[in-house]
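Numbering (UniProt numbering), first residue to last: 1 to 560.
Just so you know, even glycine gets a beta-carbon here, dropped at the ideal spot from N, CA and C.
Here the structure is laid out as structure tokens; the discussion comes afterwards.
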């Protein structure tokens, strides 16, 4: 998006455009245009898919609870169900089986098991909240040297599954820290050899994006692509997975059409042309939180809120003057239409839309007695505005805060608290008073998710931000506080991210204070940050990863 186009449009709405030097970012335009607006949902097709799922779903349910299937076969089946994104269809059955199997477990039983089998068991139990000890992997270490035995290196399939298991480590699990480094190094070496094509693809993708740090829906689709041959031993599983993907694709495309139309109807491209136009990308972001059909309303509401937040973020960061930012922050804190009088003309339409949308959210859930959830989202939005103002004041003054000062604000502006509270609005009866109180307590798993977001974002974007103006990021703050080089600061921040992942993993283990569905938005926001910012600023420049993901989920159906 060229700067001249932004100014041309905005001169209609404000007299200050020419008088002030604005921190324009020159964001690239949307790569999608209006291509998702023309989708027409075929309800009869959805109904056909739903009916087609019934038979393989029942067959699979019977297999999961079949008492004649041994533990290895059963956990392998549950592993495939999990990897294909089907667990929510069999929650009671899987929980019942895992409760029994875990309580009957004896670590001695693993003495004769191979690396692949133990790794699958470990992943199944850990991902479902059961703390299987990492000691099950001790048999693969040389008791004299303490190193991993060289003979497991040739088992690439086992090494790959062991690598994925290491992603689930918590603090003080040094064995899994070592396993992560060991398996990563050996898998990289394995790619230099002649691996069977499908296995090579599996290894390459896992090294780029481990399943535990990927977009759940994308990882499920890719698992079917990469592992269909292995899954085909369960005919009903493959049938269900394929129809399920196509069913969800229709539903998700309809939701994307709804939010795309809303964005267009609000006319943001005209009233705030300096803002990044990223509707499909942000819908994809929210889809990572929850993909189940019954959370459709939650996805639509939360996508609208994250789009409103994008307008706020880019206004503060890439257009408004410091005086205008102060005025807008004050208006958002007041949250009243009368506050619009003091705002610059160009931002008044956005402020009015913001207030109206939250009135609409209240109407949507008022009969369910969920108005307090909307109010919590509004308060979190106000807190982010105050955080954005503080960051703008640092930029304006050229001040670099201490690392402690920065993180206090940075956790808020990570946006995770707002997005998680907003996601509750449309999630229904699962959001009890007790669950809401737990969210308000700002639990450690939330802080860990925020930290991953803030630090990962800063490490990938601080150079781009410096090109436009003086910045105050976690990189700059760490350098100032600790007197270290940029390289050292980045390495230390990456270590903090890894420790935060360990805290997230621990926060998902049983006993849990809230159901996993309510933990999922917190965990999956951290995963989405890994996806978007692992190699570059994939949100501002979505041509690679996010474009591939959007194409896979919304434009390519699964051959039946």
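Note: residue 148 is bridge-paired with 141 in the DSSP secondary-structure output. Residue 123 is positioned such that its CB atom lies closer than 9 angstroms to that of residue 164. Apart from the 5 residues on each side of it in sequence, residue 354 sits with its Cβ closer than 7 angstroms to the Cβ of 308 in its chain, given in chain order. A residue is called buried when at least 16 other Cβ atoms come within 10 angstroms of its Cβ; residue 85 meets this threshold and is buried. Secondary structure note for residue 72: its alpha helix (DSSP H) is the uninterrupted segment 71-83. Between the alpha carbons of residue 248 and residue 393 lies a gap of roughly 44 angstroms. For residue 439, the closest alpha carbon among the candidates 542, 430, 485, 421 is that of 421.
Taken atom to atom, the span from the alpha-carbon of residue 224 to that of residue 241 is near 8 angstroms.
Rounded to the nearest angstrom, the Cβ distance from residue 477 to residue 402 is 6 angstroms, consistent with a contact under 8 angstroms. Just measuring C-alpha positions, the residue of 212, 348, 235, 205 sitting nearest residue 222 is 205. Residue 162 is not a Cβ neighbour of residue 169, given a cutoff of 9 angstroms. The residue among 359, 398, 475, 486 with its C-alpha nearest the C-alpha of residue 337 is 359. Annotation: the continuous alpha helix (DSSP H) that includes residue 268 extends over 268-271.
Taking the CA atoms as reference points, residue 93 sits about 20 angstroms from residue 50. The continuous alpha helix (DSSP H) containing residue 498 extends over residues 486-507. In this chain, the alpha helix (DSSP H) harbouring residue 422 covers 416-423.
The C-beta of residue 430 has fewer than 16 other C-beta atoms within 10 Å across all chains shown, which makes the residue exposed. Within its own chain, the residues whose Cβ lies closer than 8 angstroms to the Cβ of residue 114, once the five positions on either side in sequence are excluded, are 155, 158, listed in chain order.
Segment contact: the stretch 22-38 against the stretch 253-260, three or more CB-CB distances shorter than 8 angstroms; contact assigned.
Inter-residue distance for residue 398 and residue 391 is about 10 angstroms (C-alpha atoms, whole angstroms). With fewer than 16 other Cβ atoms from the protein chains shown falling within 10 Å of its own Cβ, residue 40 counts as exposed.
By the Cβ neighbour-count rule, residue 189 is exposed, with fewer than 16 other Cβ atoms within 10 Å of its own.
Between residue 534 and residue 207, the alpha-carbon positions lie close to 12 angstroms from each other. Excluding the 5 residues flanking it on each side, residue 186 has same chain C-beta neighbours closer than 8 angstroms at 153, 159, in chain order. Using a C-beta cut-off of 8 angstroms, the stretch 524-532 makes contact with the stretch 281-289, since at least three inter-stretch Cβ pairs fall below that distance.
DSSP places residue 58 in the uninterrupted alpha helix (DSSP H) bounded by 43-65. Judged by DSSP in its simplified three-state form, residue 261 adopts helix. Of the candidates 251, 44, 80, the residue whose Cα lies closest to the Cα of residue 555 is 251.
At least 9 angstroms separates the beta-carbon of residue 173 from that of residue 143. Annotation for residue 217: the continuous alpha helix (DSSP H) segment containing it runs 216-231. One Cα belongs to residue 543, the other to residue 550, and the distance between them is close to 10 angstroms.
Annotated as distal: residue 175 and residue 139, with beta-carbon spacing of 9 angstroms or more. Under the 10 Å beta carbon count, residue 361 is surrounded by 16 or more other beta carbons and is classified as buried.
The beta carbon of residue 404 sits closer than 8 angstroms to those of 481, all from its chain and outside the five residues before and after it, given in chain order.
Residue 382 holds the alpha-carbon nearest to the alpha-carbon of residue 330 among 382, 364, 368.
Shown here for residue 357: same chain residues with a beta carbon closer than 7 angstroms to its own, the five before and five after excluded, namely 304, 308 in chain order.
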